[in-house]
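Remarks on the structure that follows.
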Amino acid sequence: MPQLSPFSYHEVIEASDLPGCPICCWANNSVERQLKGLIFDSVNDVDTRLRIRSSLGFCHEHAWQLPEAGDSAPLGIAFIYRDVINTINNSLAKVNHSHSKSTFLQSKFWSTSDKEPDFKNKSVAKHLTTDIPCPACVRKKEMSDLAVTAVIDTLAEQDEQMIAALKKSDGLCLPHLRQSLDIAPNQFTFDTLIQIHQEKLTALIAELDEFIRKNDYRFQHEGFGDESDSWQRGMTAMVGQKQKFKNR
């Protein structure tokens, strides 16, 4: 086993027992720990609050996961978004002050016969956006990259435990399969990924066919089996695992 990322190696192995893409599972679990840690331990940390203000909070997906972090989530969210909203409000105040000065100059120096310039501030949007990414998205990307590296490095060495873990898992989602194939260091790694996922996708197609068949009124009396959630697994296989908190 490579010494580059032993922690992520074992995490991916363990995540292979869970439903969905093991890389998504590990990255999502890492984000969950991050958000819970923020709510419970770090919401009053000065540096943490500064970083969150800089990113204007979280993206849509991760902002709506904050309430799932636990019973203390509402107060933590209030602290976080009080900061963010105050930042936005201050930006609007600056823009409004600048606009007021421009309007005064317009009335003082432009005659009514002149064509009046457009004093609508075209740069307002830049005060309401940020180049700093969502902290949870950054964490998710970092953890996903670590996990992909762990998979690729160990497959390159023909690690039997990783091969067995991938075979028993639901397989990598399409985005992580693409990423893994793009950086596959040798033919064995490439071929192994292709073979495992062809087998899994073929089996999934069969389950989807069975699910569709049993939705036909002629066969509804048969009832659903393992294929009952194949439509969800089909989406997961193509777009990745949905983030959801455990124990809530």
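Start counting at 1 in the sequence shown, then tack on 16, and there's your number in our numbering.
Glycine included, every Cβ here is placed at the ideal spot set by N, Cα and C.
Output the distance between the C-alpha atoms of residue i and residue j, rounded to the nearest integer angstrom.
i	j	result
residue 117	residue 93	Confidence in residue 117 is poor, its pLDDT being 49 and thus under 50, which makes the residue's placement too unreliable to answer from.
residue 96	residue 167	36 Å
residue 155	residue 200	23 Å
residue 239	residue 62	56 Å
residue 55	residue 64	11 Å
residue 183	residue 212	6 Å
residue 248	residue 37	12 Å
Considering only residues of the same chain and omitting the five flanking positions on each side of residue i, which have a CB-CB separation below 8 Å?
i	result
residue 103	69, 72
residue 100	68, 69, 72, 73
residue 242	223
So, residue i versus residue j, is the Cβ gap smaller than 8 Å?
i	j	result
residue 78	residue 153	yes
residue 188	residue 39	yes
residue 219	residue 28	no
What would DSSP say about residue i, mapped onto helix, strand or coil?
i	result
residue 37	coil
residue 56	helix
residue 233	coil
residue 202	coil
residue 74	coil
Need the endpoints of the alpha helix (DSSP H) that residue i sits in, please.
i	result
residue 177	176 to 184
residue 168	151 to 172
residue 265	It is not possible to answer for residue 265, since the shown part of the chain is limited to 17 through 264.
residue 190	190 to 198
residue 253	246 to 255
Please go through the same chain and pick out, in chain order, the residues whose beta-carbon is closer than 7 Å to the beta-carbon of residue i, but skip the five residues on each side of it.
i	result
residue 150	71, 74, 75, 78
Among the residues of its own chain, which have a CB less than 6 Å from the CB of residue i, if the five just before and after it don't count?
i	result
residue 148	70, 71
Tell me whether residue i counts as near the ligand NAP, meaning its Cβ is closer than 7 Å to at least one heavy atom of that ligand.
i	result
residue 172	Here there are no bound small molecules, and the ligand NAP is not part of this structure.
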